[in-house]
Amino acid sequence: MTGEPLLRVQGLQAWYGRAHILAGVDLAVGRGEVLALVGRNGAGKSTTMKAVMGLLDARAGSVTFEGRDVSALPPHRIARLGIGYVPEDRRVFTELTVEENLEVGRQPPRPGAPHWTPEKLYALFPNLAEMRGRRGGRMSGGEQQMLTLARTLMGNPSLLLLDEPSEGLAPRIVQQMAEALRALKAEGLSILLSEQNLAFAGAVADRASVIEKGVIRFDGPMQALMKEESIRRAYLAV
Amino acid sequence: MSFYLVQFLSGLATAATLFLVSSGLTIVFGVTRIVNFAHGSFYMLGAYIGWSLAERIGSTPLGFWGGVLAAALAAGVLGAVMEVLLLRRLYRSPELFQLLATFGVVLVVQDVASWIWGPEDLLGRRAPGLRGSVEILDQVFPLYDLVLIALGPLVLAGLWLMFHRTRWGTLIRAATQDREMTAALGVEPGRLFTGVLFLGSALAGLGGALQVPREAINLGMDMGIVVEAFVVVVVGGMGSLMGAFVASLLIGQLQAFGILVFPEITLVLVFLFMAVVLVLRPYGLLGRAEEAPPTAASPGPPLSASTGIAAWAPLLLLALLALVPLFAGEYALIVLTELVILALFAASLHLLIGLGGLVSFGHAAYFGLGAYGAALLATSWAAPMPLALAGAPLLGGLGALIAGWFCVRRSGLYFAMLTLAFAQIAWSVTFQWYGVTGGDNGILGVWPDPWASGKTAFYLLTLGLCGGALFLLRRVAFAPFGYALRAGRDSPLRAEAVGIDVRRTQWFAFTLAGSAAGLAGGLYAFSKGSVFPTLMSVPTSVDALVMVLMGGVQTLAGPVVGAALFHLLRTEIMSLTDLWRLILGLVIIGLVLAFPKGVVGFARDLVQRGRAA
Ligand SMILES: Nc1ncnc2c1ncn2[C@@H]1O[C@H](COP(=O)(O)OP(=O)(O)OP(=O)(O)O)[C@@H](O)[C@H]1O
Ligand SMILES: [Mg+2]
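Residue numbers (the working numbering), protein chains in the order written: chain A, 2 to 239; chain B, 51 to 663.
In structure tokens:
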């Protein structure tokens, strides 16, 4: 990787009450790169993403985005700089229709990042197009997952924080999701992808960081992780 | 027949006003999760400003309606100012602090309004063109009220369009459901909240300004309406606009027809209705289950029994207090007597809040029940003082036993609202049941028996009884029962898993707290010589909360220290100025902003920081 990465996280720490969850996470996502953050249940993947997004009060360490320190900014400012967050538990607005969910995510176009409109997103996720007027609460898990991703894209981010997008989805939907992510990557988006499904991660990621107990244990090309059985056995549930 | 029709129509007119005010309250709650006591103040300000404008420009229809609109906008702007200056700092505070801060605003607004418009009731001019009445099946009905009736659905339709057809409305609905996610999508919460406070307060102001031609404008309007609006919002489901509309209609009719059937207890009827709805439908008629139930005061570090010298401090203090009559004058003894009584009152509330995590907004009910019980026994039944005093904790405890059965079925804000409802029931009974309680005039001539009528004797009696009760409350905190109560506060599921019946534990705690408050109330009645309905009113409940807050929720000594500070402060302020509400309000606001952990908690943090350094 050359030059300054798009996102650089150094010595990131986070707490829930007194529980020290992140003990100093270091990672970097280059421009146009997909980095898989892999680790067992409870390793700290989601916590890392929340901390980057400014959603945790108790955190320390540095987070720079496009060379700018964002670690003290509130979530909405971080989002407006171009970091899009897709939470693990989806959190679609169940009372709002698909169209309205997209509207909440809408932000002005940002130079250097792909510009999304509802029409473009309906082309990317055809099944959303068929249910524009349906309320979020009346969609299947897979449809909700597509909707959260589309909603975040409406903010025209240049970096996506994608927390376990394949979790609990049928194989066919996982396939669709992987294709959508490759399409996004082709558009120039950078992605930090948290995953437990190594096959899925392998299909989209360039590099991988392995997290365990709030610390990064391995960092290298995705291929290397797929080959290194010892690391997978030590830090992953495979 | 036609009589019932007119009654129905007047119910609709009541419902329209209720809806205007409670729609604003429910919108504000939905987005900010703050139960805004000051909402009633914006209603009152809308009425006063509307009155002033009507006096100046209200002789033409254009002037009149323009004035109503301007009053609503003014109330909206004041609401937005409150958001920026105060609420914005409190979104992460426990809800108790938010409630108290907005109550501080209520006090400030009362004195400011009284200073600007004077304490007398104001009669406004009638709406030009709408002075007359219409005949409906040979019954007369005011024309103006027909306009009001039409306004309710109109405002509902307008709000609906705004929420469903504009980006701003969509954002509001999104934030109502998930504030954090909305922010993570780039929506600035601050601006949204300011806007919501503007809208909500403007609706309250509109409701107030529309009352000018109908009723006298006075300084009591704020508490009256806000408590009714609470009921509407809770019955309809907190945060639900349609719910507020339906609940307004129901409660409007309940009042219109309730007055025919039970003219004396219409107020009771409304609160009873709310209690029943909440027990049957926990989240109101159209409310949704909370995703994250609001938390009570955040649990602090575990209580630790003091050791060494500190363990003897309470006894030492008691001994010192017992010696006070040797050198203090009568006035000091009177103040001290009240102070000791209030300390017990505050400590009884602290049992609920600090140990149980149950923020009661109606604890004055049991204080008042004790006071009225003792007063009635002493006067109507001519019972000797010891008997009357024994009756006080019994009546307080009995009231708490009944109310508690309902209240502990809900937690968080719903618990707070239910306790408030029961306190209002108790208050309206004393207020409206003239024959027994004397209503507004209270009960006079509640004097101690001759042996205790000296200031010193009564002081020592109070000290003994309250000291004993405080000692018992302290024992309870460290007994298995106290641990069970705290376990239920910190983790209800885990507590149930280890075999604690959380609801029953909380019910007992509620009853115990009620009887301790009742004893305090009984003593208070004898110390004052009289009782009035205000003993059970919302401000008295808030006084107790302020004492607990001042002392800090997380220590057992807190409520005692808080009661002392509060009482001395109030006595001092009242002796200096008429504007004591203003000052008390500012003190409450300042306290909430400065010491989110209370004074004792603050001091302890200082000590710990000093040790750590
Ligand atoms: N709200 C919370 N309060 C307290 N502890 C939490 C909270 N959320 C997560 N934790 C703890 O923090 C640790 C890390 O959680 P995190 O959600 O980051 O893990 P994860 O790697 O995303 O796991 P998963 O693959 O299951 O999603 C876990 O031990 C978890 O129990
Ligand atoms: Mg996770």
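Glycine residues also receive a C-beta, built at the ideal position from the N, C-alpha and C atoms.
Touching by the beta-carbon criterion (3+ pairs, under 8 Å), the segment 221 to 238 of chain A and the segment 56 to 75 of chain A: Because the criterion of three Cβ pairs below 8 Å is not met, the segment 221 to 238 of chain A and the segment 56 to 75 of chain A do not touch.
CB contact flag (B:A122, B:A266, <8 Å): Against a cut-off of 8 Å, the Cβ pair of B:A266 and B:A122 comes out as no contact.
B:D228: contacting residues in chain A (beta-carbon distance under 8 Å): Result: R92 and F94.
Closest residue to B:D161 among B:G518, B:I633, B:L641 and B:G640 (Cα-Cα distance): Ranking B:G518, B:I633, B:L641 and B:G640 by Cα distance to B:D161 puts B:I633 first.
Residues near B:V237 in its chain [Cβ-Cβ closer than 6 Å; skip 5 each side]: Spatial neighbours of B:V237 in its own chain (CB-CB distance under 6 Å, excluding positions within 5 residues in sequence) are listed in chain order as L221.
Ligand 2 heavy atom lying under 7 Å from the CB of B:E622: Within 7 Å of the C-beta of B:E622 there is not a single heavy atom belonging to ligand 2.
Residue of A:L160, A:L154 and A:L182 minimising C-alpha distance to A:P166: That would be A:L182, whose Cα lies nearest to the Cα of A:P166.
Extent of the continuous beta strand (DSSP E) to which A:T65 belongs: Run containing A:T65: R60 to F66, per the beta strand (DSSP E) assignment.
Segment limits, alpha helix (DSSP H) that includes B:Y54: Residues S52 to T82.
Near-chain A residues of the segment 222 to 250 of chain B (beta-carbon distance less than 7 Å), N- to C-terminal order: Against chain A - using a Cβ distance shorter than 7 Å - the residues of the segment 222 to 250 of chain B are R223, A224, Q227, D228, E230, M231, T232, A233, A234, L235, G236, V237, E238 and P239.
C-beta contact flag for A:T149 and A:V87 at 8 Å: The Cβ atoms of A:T149 and A:V87 lie closer than 8 Å to each other.
Length of the line joining the Cα atoms of B:T555 and B:P589: Answer to the nearest angstrom: the Cα atoms are 28 Å apart.
Where the alpha helix (DSSP H) through B:L402 begins and ends: Segment: none, B:L402 is in no alpha helix (DSSP H) and carries neither H nor E.
Other residues of its chain near B:Y98: CB distance less than 7 Å, five sequence neighbours each side excluded: So the qualifying residues of the chain are A163, W167 and I267.
Cβ-Cβ distance between B:A566 and B:P443 below 8 Å: A contact, by the Cβ cut-off of 8 Å.
Bounding residues of the alpha helix (DSSP H) (the contiguous stretch that carries B:V479): Per DSSP, B:V479 belongs to the alpha helix (DSSP H) from G462 to Q482.
Local Cβ density within 10 Å of B:I475, reported as buried at 16 or more and exposed below that: Note on B:I475: 16 or more other CB atoms within 10 angstroms of its CB, so buried under the neighbour-count rule.
For B:G185: DSSP bridge partner residues: Gly is not the amino acid found at residue 185 of chain B; the sequence shown has Glu there. According to DSSP, which records beta bridges pairwise, B:E185 is partnered with B:V190.
Host alpha helix (DSSP H) of A:E120 (start-end): Where A:E120 is concerned, the enclosing alpha helix (DSSP H) stretches over P119 to L125.
Own chain partners of B:A502 with C-beta closer than 7 Å, once the 5 adjacent residues on each side are dropped: M435, F508 and L511.
Proximity test, Cβ basis, 8 Å: B:T220 and chain A: By the rule that beta-carbons nearer than 8 Å mark a contact, B:T220 touches chain A.
Which residues DSSP lists as bridging A:T98, in chain order: For A:T98, DSSP records a beta bridge to A:R136.
Chain B contact for A:H77 (CB, 8 Å cutoff): It does; some Cβ of chain B falls within 8 Å.
A:A52 in three-state terms, based on DSSP: DSSP places A:A52 in helix when its eight states are reduced to three.
The segment 424 to 432 of chain B in contact with the segment 562 to 579 of chain B per 3-pair CB rule at 8 Å: These segments touch.
Within chain B, the residues that A:R81 reaches when beta carbons sit closer than 9 Å: Going along chain B in sequence order, the residues near A:R81 (Cβ under 9 Å) are G236 and E238.
Cβ-heavy atom distance, A:S210 to ligand 2, below 7 Å: Placement of the Cβ of A:S210 at a distance of 7 Å or more from every heavy atom of ligand 2 is found.
Segment limits, beta strand (DSSP E) that includes A:S164: Before going further, note that residue 164 of chain A is Asp rather than Ser in the sequence given. Its beta strand (DSSP E) spans residues L160 to D164.
Cutoff 8 Å: B:R138 Cβ touching any chain A Cβ: Against chain A, the CB of B:R138 has no partner CB under 8 Å away; the residue lies outside that interface.
Coarse secondary structure for B:A177, derived from DSSP in three states: Reduced to three states, the DSSP call for B:A177 is coil.
Check: A:S47 C-beta below 7 Å from any heavy atom of ligand 2: Indeed, a heavy atom of ligand 2 lies less than 7 Å from the Cβ.
Spatial distance of B:L206 from B:A66 (CA atoms): Taking the straight line from one Cα to the other gives about 10 Å.
Rounded Cβ spacing between B:T64 and B:G302 (contact assumed at less than 8 Å): With a Cβ gap of about 4 Å, B:T64 and B:G302 count as contacting.
6 Å Cβ shell around A:D220 - same chain, five flanking residues per side excluded: S210.
B:L317 beta carbon less than 8 Å from that of B:I639: Their beta carbons are not under 8 Å apart, which means B:I639 does not touch B:L317 by this criterion.
Identity of the residue in B:T244, B:G174 and B:L370 nearest B:R106 by Cα: Checking every option, the nearest Cα to that of B:R106 belongs to B:G174.
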